[in-house]
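Colleague:
Residue numbers (the working numbering): 218 to 513.
(1) Report the rounded CA-to-CA distance for residue 500 versus residue 320, giving the unit in angstroms.
(2) Going by DSSP, which residues form a beta bridge with residue 475?
(3) Could you compute how far the alpha carbon of residue 431 sits from the alpha carbon of residue 328?
(4) Does the distance from the C-beta atom of residue 228 to that of residue 322 stay below 8 angstroms?
(5) What is the DSSP secondary structure of residue 220, reduced to helix, strand or coil?
(6) Counting only the same chain and skipping the five closest in sequence on each side, list residues whose C-beta sits under 6 angstroms from that of residue 404.
(7) Helix or strand or just coil, what does DSSP make of residue 280?
(8) Can you pull the DSSP bridge partners for residue 438?
(9) Hey, which unbroken runs of the alpha helix (DSSP H) at 4 residues or more fall wholly within the segment 299-362?
(10) Compute the Euclidean distance between the alpha carbons of residue 255 and residue 417, then round it to the nearest angstrom.
(11) As a quick exercise: from 357, 445, 393, 395, pick the residue whose alpha carbon is nearest that of residue 488.
(12) Per DSSP, residue 491 is paired with what?
(13) Residue 314 to residue 242, Cα distance in whole Å?
(14) For residue 397 and residue 463, I'd like the C-alpha separation in whole angstroms.
(15) Restricting to Cα atoms, I'd like to know which of 230, 301, 480 is closest to residue 331.
(16) Among 337, 269, 270, 502, which residue has its Cα nearest to the Cα of residue 238?
(17) To the nearest angstrom, how far is it from the Cα of residue 495 to the Cα of residue 390?
(18) For a test of the three-state rule: what should DSSP assign to residue 396, helix, strand or coil?
(19) Under three-state DSSP, which class holds residue 239?
(20) Going by DSSP, name the residue or residues bridged to residue 274.
(21) Is it buried or exposed for residue 240, if we count other Cβ within 10 angstroms and need 16 for buried?
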């Protein structure tokens with residue numbers, strides 16, 4: 218029986234593996250993952266019921282220097298998330314140097330007075346595992362952590378140890394999410410994010426970061442097939458051409474990859490139609506940012 222809740226913010230610079238870790242901890246793909254920075258734009262809750270504790274993971278955008286209103290929004294999400302939790306899991310790469318973003322995050326954690334756990338991710342990529350000791354020494358010299366856990370979110374090594382530590386932050390109280398619920402994200406939002414993930418994976422340079430995705434139709438047939446209409450917005454006509462590709466080849470590829478993941482998530486056949494529209498400078502428009510679901 219659940220009688221405790223632990224709200225845990227996963228924080229770190231872009232591309233350190235916070236979303237991969239969220240997916241590994243929940244056992245489901247609820248956050249999109251790419252090798253590009255700033256993949257996550259919104260605060261996403263992942264839910265794990267463990268023994269008597271409901272662990273609510275708050276996957277946050279990568280902490281970075283904002284260059285537009287969307288970036289401002291993402292930084293605000295990180296700051297507010299760190300302030301409203303029982304503990305923070307600071308996720309870092311196995312590099313024995315504390316960068317500016319990490320220093321700012323640690324200052325924020327200290328200022329709000331919440332306990333923190335240090336998670337050193339991507340240790341599977343190290344040829345010399347002793348580097349981890351240097352990383353730990355650098356961070357613990359600057360801040361006190363309740364626990365330090367080297368992991369590989371990609372392979373799953375250390376994930377159980379992370380859950381063991383996060384469970385300790387449980388506070389007495391009722392569970393926030395019902396049994397069986399693993400995220401607060403509605404199905405429409407997850408579908409839109411899956412499409413955006415494929416844009417990030419398939420396109421180069423700045424193009425995918427200037428895209429937003431809107432699901433305009435989500436309906437189920439009597440047979441169980443789900444019909445989806447999805448509009449991809451970009452900032453320039455030249456970007457629209459890149460997204461569509463020669464004779465529509467790129468848009469077809471993006472659609473096929475997205476449909477496969479959506480069908481796995483929904484557990485049924487999906488009929489997906491996609492369109493591409495231009496919305497110039499939408500990342501600097503407060504109203505358009507809200508329209509695309511980026512609201513605190």
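Every residue, glycine too, gets a C-beta built ideally from N, C-alpha and C.
Computed from a prediction, not measured in an experiment: that's the story for all the values here.
Modeller: Looking at the coordinates:
(1) The residue labelled residue 500 in the question sits at position 283 within the chain shown. The residue labelled residue 320 in the question sits at position 103 within the chain shown. One C-alpha to the other measures close to 27 angstroms.
(2) In the chain shown, residue 475 corresponds to position 258, counting from 1. Its beta-bridge partners do not exist; DSSP assigns none.
(3) If you number the chain shown from 1, residue 431 lands on position 214. If you number the chain shown from 1, residue 328 lands on position 111. One C-alpha to the other measures close to 37 angstroms.
(4) Reading the chain shown from its first residue, position 11 is the one you call residue 228. Reading the chain shown from its first residue, position 105 is the one you call residue 322. Yes.
(5) Residue numbering aside, residue 220 sits at position 3 when the chain shown is read from its first letter. Reduced to three states, the DSSP call for residue 220 is coil.
(6) Your numbering for residue 404 matches position 187 in the chain shown. If we look at residue 404 and ignore the five residues flanking it on each side, it has no Cβ neighbours.
(7) Residue numbering aside, residue 280 sits at position 63 when the chain shown is read from its first letter. Summary for residue 280: the model assigns pLDDT 49, below 50, so the residue's position carries little reliability; its value from the coordinates is reported in the next sentence. In the structure shown, residue 280 sits in coil (DSSP, three-state: anything other than H, G, I, E or B).
(8) As a working mapping, residue 438 is identified with position 221 in the chain shown. None; residue 438 has no bridge partner.
(9) Entirely contained in the segment 299-362, the alpha helix (DSSP H) runs reaching 4 residues are, in chain order, 317-329, 348-359.
(10) On the chain shown, position 38 is the one that residue 255 refers to. On the chain shown, position 200 is the one that residue 417 refers to. The predicted position of residue 255 is uncertain, since its pLDDT is 47 and thus under 50; a value taken from the coordinates is nonetheless stated next. For residue 255 and residue 417, the distance between alpha carbons rounds to 10 angstroms.
(11) For the purposes of this step, residue 488 is taken as residue 271 along the chain shown, with counting starting at 1. Out of 357, 445, 393, 395, 445 has the C-alpha closest to the C-alpha of residue 488.
(12) Here residue 491 corresponds to residue number 274 of the chain shown, with the count starting at 1. In DSSP, residue 491 forms a bridge with 447.
(13) Looking up residue 314 in the chain shown gives position 97. Looking up residue 242 in the chain shown gives position 25. Computed Cα separation, rounded: 27 angstroms.
(14) By 1-based counting over the chain shown, the position of residue 397 is 180. By 1-based counting over the chain shown, the position of residue 463 is 246. For residue 397 and residue 463, the distance between alpha carbons rounds to 43 angstroms.
(15) As a position in the chain shown, residue 331 is number 114, starting the count at 1. Selected option, being the one with the closest Cα: 301.
(16) Here residue 238 is taken as the residue at index 21 of the chain shown, counted from 1. For residue 238, the nearest C-alpha among the options comes from 337.
(17) Position 278 of the chain shown, counting from 1, holds the residue named residue 495. Position 173 of the chain shown, counting from 1, holds the residue named residue 390. Annotation: residue 495 to residue 390 spans about 47 angstroms, alpha carbon to alpha carbon.
(18) Within the chain shown, the letter at position 179 stands for residue 396. The answer is coil: DSSP assigns residue 396 none of H, G, I, E or B.
(19) Numbered from its first residue, the chain shown carries residue 239 at position 22. Reduced to three states, the DSSP call for residue 239 is helix.
(20) As a working note, residue 274 is residue 57 in the chain shown. Here residue 274 is bridged, per DSSP, to 225, 263.
(21) Locating residue 240 in the chain shown gives position 23, counting from the first residue. It is buried - the Cβ of residue 240 has at least 16 other Cβ atoms within 10 Å.
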